[in-house]
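First residue of the sequence shown? That's 60 in our numbering, and the numbers climb one at a time after it. Note that the Cβ used here is the ideal one computed from N, Cα and C, for glycine as well.
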Amino acid sequence: VIAATHQNLEQRVRDGAFREDLFHRLNVIRLRLPALRERAEDVPMLTRHFLQVSARQLGVEPKRIDDAALARLGRFAFPGNVRQLLNVIEQTVALSTSPVVPASLVQQALRDDNTVMVSLDEARRAFEHDYLVRLLRATEGNVTQAARMAQRNRTEFYKLLQRHNLTPALFKAEKEKA
60 VIAATHQNLE QRVRDGAFRE DLFHRLNVIR LRLPALRERA EDVPMLTRHF
110 LQVSARQLGV EPKRIDDAAL ARLGRFAFPG NVRQLLNVIE QTVALSTSPV
160 VPASLVQQAL RDDNTVMVSL DEARRAFEHD YLVRLLRATE GNVTQAARMA
210 QRNRTEFYKL LQRHNLTPAL FKAEKEKA
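Spelled out as structure tokens, the structure:
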């Protein structure tokens with residue numbers, strides 16, 4: 060059985076809102092998949108993929124996305140996670156009359172749903188993740204340099220990277236691909 064939830068089941072068990080025996084049956088192997096808002100660096104790749112899939116499903120020529128539109132998607136919190144991104148892309152592909160999806164169409168599709176507030180812990184976690192990604196990009200994956208910029212020792216910095224499932228080597232590969 061594969062089960063998914065956005066709830067903290069351990070807390071729900073402590074609160075008496077979820078059965079402890081069921082929790083232990085389900086909790087054999089735990090995989091934590093961060094929400095899309097915690098992996099903004101995935102938005103461009105997912106967007107390009109969804110553009111191709113949506114165009115194929117609609118039987119239209121593949122579309123590209125305007126840089127400003129992609130930047131807007133990257134800043135959006137996506138309370139509906141990846142499914143919401145897919146819906147936005149499907150809508151923009153269906154409504155776009157040009158080969159390039161404009162930022163105005165993305166903005167219309169998002170309808171400023173960004174008013175949904177996340178918890179302070181989620182906001183901190185997302186900020187910390189984004190900050191670490193920016194540091195690793197700026198230093199091309201050099202942990203010593205990134206730790207120095209963050210004014211943290213290397214051991215503490217590695218723990219932060221581990222907490223956010225970030226691999227410095229991937230940022231070295233990014234530079235080599237460019």
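Inter-residue Cα distance where the pair is residue i and residue j
i, j, result
"A165", "I148", "According to the sequence as given, residue 165 is Val; it is not Ala. Cα-Cα distance, rounded: 8 Å."
"V87", "K218", "25 Å"
"L220", "T226", "7 Å"
"T203", "V112", "41 Å"
"R89", "T156", "44 Å"
"E199", "R184", "22 Å"
"V160", "L145", "14 Å"
"R71", "E97", "23 Å"
Residue i versus the options, residue with shortest Cα-Cα distance
i, options, result
"L85", "M104, A63, G75, Q70", "A63"
"A162", "L179, F135, P227", "F135"
"L191", "R91, R222, A168", "R222"
"R91", "Q167, R196, Q66, P138", "Q66"
"L7", "E187, Q210, F186, A205", "Beyond the ends of the chain as shown, which are 60 and 237, falls residue 7; an answer cannot be given."
"L154", "G133, R207, I124", "I124"
"A168", "E199, R131, R196", "R131"
"Q143", "S157, L95, I61", "L95"
"A11", "F216, R196, L110", "With the chain covering only 60 through 237, there is no way to say anything about residue 11."
"D101", "T214, G133, R183, E215", "G133"
"H188", "F216, H108, G139, P138", "F216"
"F186", "A99, V60, A76", "A99"
"A231", "Q210, M104, N201", "It is Lys, not Ala, that sits at residue 231 in the sequence shown. Considering only alpha carbons, the answer is N201."
"P103", "R115, D126, A114", "D126"
Which of helix, strand or coil DSSP assigns to residue i
i, result
"I124", "strand"
"V159", "strand"
"A205", "helix"
"E79", "helix"
"L105", "helix"
"H223", "coil"
"F186", "helix"
"E199", "coil"
"A62", "coil"
"I88", "coil"
"A99", "helix"
"V165", "helix"
Does the region 116-123 come into contact with the region 67-81, if we say contact requires no fewer than three beta-carbon pairs (one atom in each stretch) closer than 8 Å?
no
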